[in-house]
Ligand code: P6P
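Residue numbers (our numbering): 77 to 415.
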């Protein structure tokens, strides 16, 4: 029965993630539903991971598991759990050909062109910013979806596509609430998990990032290792009343930048000359989201992140991402210093 004007507003206006996925599929008559199934697997994974994050201290799954991942970073127990959850839920979807995770050196080839319905590759960082867990800080999952390239000489070559080829991208932020933000290339939608009904409820439709915002987000502990142009930009920002906000988790910092405006930076440093953040499953998905919301995402002057042709699924890139006016200001300082 349709909700009428006397229904409680939640019922009247309730749009869930599942509903939005099906509504977007309905707008594409040629769609087979494979992408919808894939997105619903990500939604279920998000709910499971969120429940583990909420109960981490209680279930004593905090702290390092004693091993380290392909990045040489100490794996937190929840990294491993989140990785397993995603591998299992996505692995069951017949449309998924290949899965690549920050936590695994090699991609997992689940299906090939012989398996008829193998249509997509999914890359993800299962628990971005996981070191925040011990101090109850925000963490997140970042995902990127590419078409499986049946013509690729080797299955994993399907993964080495530029970010502009992404079919969909998004993140889940596990903070005071659990937020699911994604795009399939026609705008950005944001949902918040309502634990009372176990569904992600639509809260932002076709989200637009503010054109500007006097806020920058960078680890200033690395400042002395930044190229001169970045240091000149920080001098400019600090002399012009900018605020500094840094959560130490890309998902939290980019989420705030999307909603409030500003710029998130992870520059090259002397320790990490190519930057720290990974192109395929951190920078590319965030770049697609921010560009879809009207923002900019560059690795440096004239270097659009989504145009980068990858050579390795774990390669890193500098990141300058956020409001168009603010990204332009960073680039102006880099160009003025000859960076
Ligand atoms: P730093 C988390 O480890 C991460 O990969 C991103 O989520 C975050 O933006 C960055 O690294 C933080 O790095 O060097 O400031 O601790």
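A virtual CB, placed ideally from N, CA and C, is assigned to each residue, including glycine.
Looking at the DSSP output, residue 402 shares a beta bridge with no other residue.
When 265, 379, 204 and 353 are compared, the shortest CA-CA separation from residue 368 is found for 265.
In terms of side-chain proximity, the C-beta atom of residue 325 is found nearer than 8 Å to a non-hydrogen atom of the ligand P6P. Excluding the 5 residues flanking it on each side, residue 241 has same chain C-beta neighbours closer than 8 Å at 222 and 223, in chain order. By a beta-carbon distance limit of 8 Å, residue 337 contacts residue 288. Their separation comes to about 6 Å. In summary, residue 202 is buried, with 16 or more beta-carbon neighbours lying within 10 Å of its beta-carbon over all protein chains present. Given a length threshold of 3 residues, each whole run of the beta strand (DSSP E) inside the region 180-262 is given here in chain order: 196-204, 215-223, 244-250 and 254-259.
Ranked by Cα distance from residue 399, the options 383, 363, 387 and 172 are led by 363. The continuous beta strand (DSSP E) containing residue 278 extends over residues 275-280. Going by DSSP, residue 391 is part of no alpha helix (DSSP H) at all; its letter is neither H nor E.
Taking non-hydrogen atoms of the ligand P6P into account, the C-beta of residue 112 is found less than 8 Å away from none of them.
Look at residue 358: its beta carbon is less than 8 Å from one of the heavy atoms in the ligand P6P.
Note that the region 296-314 does not touch the region 323-338; fewer than 3 beta-carbon pairs, one per stretch, sit closer than 8 Å. DSSP, read as helix, strand or coil, puts residue 396 in strand. A contact is defined here as three or more CB-CB pairs under 8 Å, and the region 271-291 fails this definition with respect to the region 378-395. With a threshold of 16 other beta carbon atoms within 10 Å, residue 216 meets it and is buried. Contact between residue 132 and residue 154 holds, with the beta-carbon distance rounding to 6 Å and staying under 8 Å. Counting along the chain, no beta strand (DSSP E) covers residue 290, and no H or E run does either. Residue pairing from DSSP places residue 372 in a beta bridge opposite 398. Within its own chain, the residues whose Cβ lies closer than 6 Å to the Cβ of residue 255, once the five positions on either side in sequence are excluded, are 249 and 268, listed in chain order.
Exposed is the label assigned to residue 192, since fewer than 16 other Cβ atoms lie within 10 Å of its Cβ. If you compare the alpha carbons of 245, 273 and 276 with that of residue 261, the shortest gap goes to 245. At least one heavy atom of the ligand P6P lies less than 8 Å from the C-beta of residue 352.
The count of Cβ pairs closer than 8 Å, one atom from the region 94-113 and one from the region 164-183, reaches three, so the stretches are in contact. In the DSSP assignment, residue 138 falls outside any beta strand (DSSP E) and carries neither an H nor an E.
DSSP, reduced to helix, strand and coil, places residue 148 outside both helices and strands of the structure shown, so it counts as coil. With respect to residue 143, residue 156 sits close: the two C-beta atoms are nearer than 9 Å. Counting only the Cα atoms, residue 303 lies some 12 Å from residue 350. A distance below 8 Å between beta-carbons, with the five flanking residues on each side excluded, links residue 375 to the following residues of its chain, in chain order: 351, 359, 381, 384, 393, 394, 395 and 396. Taking all protein chains shown into account, residue 159 has 16 or more neighbouring C-beta atoms within 10 Å of its C-beta and is therefore buried.
A direct Cα-to-Cα measurement between residue 196 and residue 341 gives close to 30 Å. Residue environment: residue 120 is assigned as exposed (fewer than 16 neighbouring CB atoms within 10 Å of its CB, all protein chains considered).
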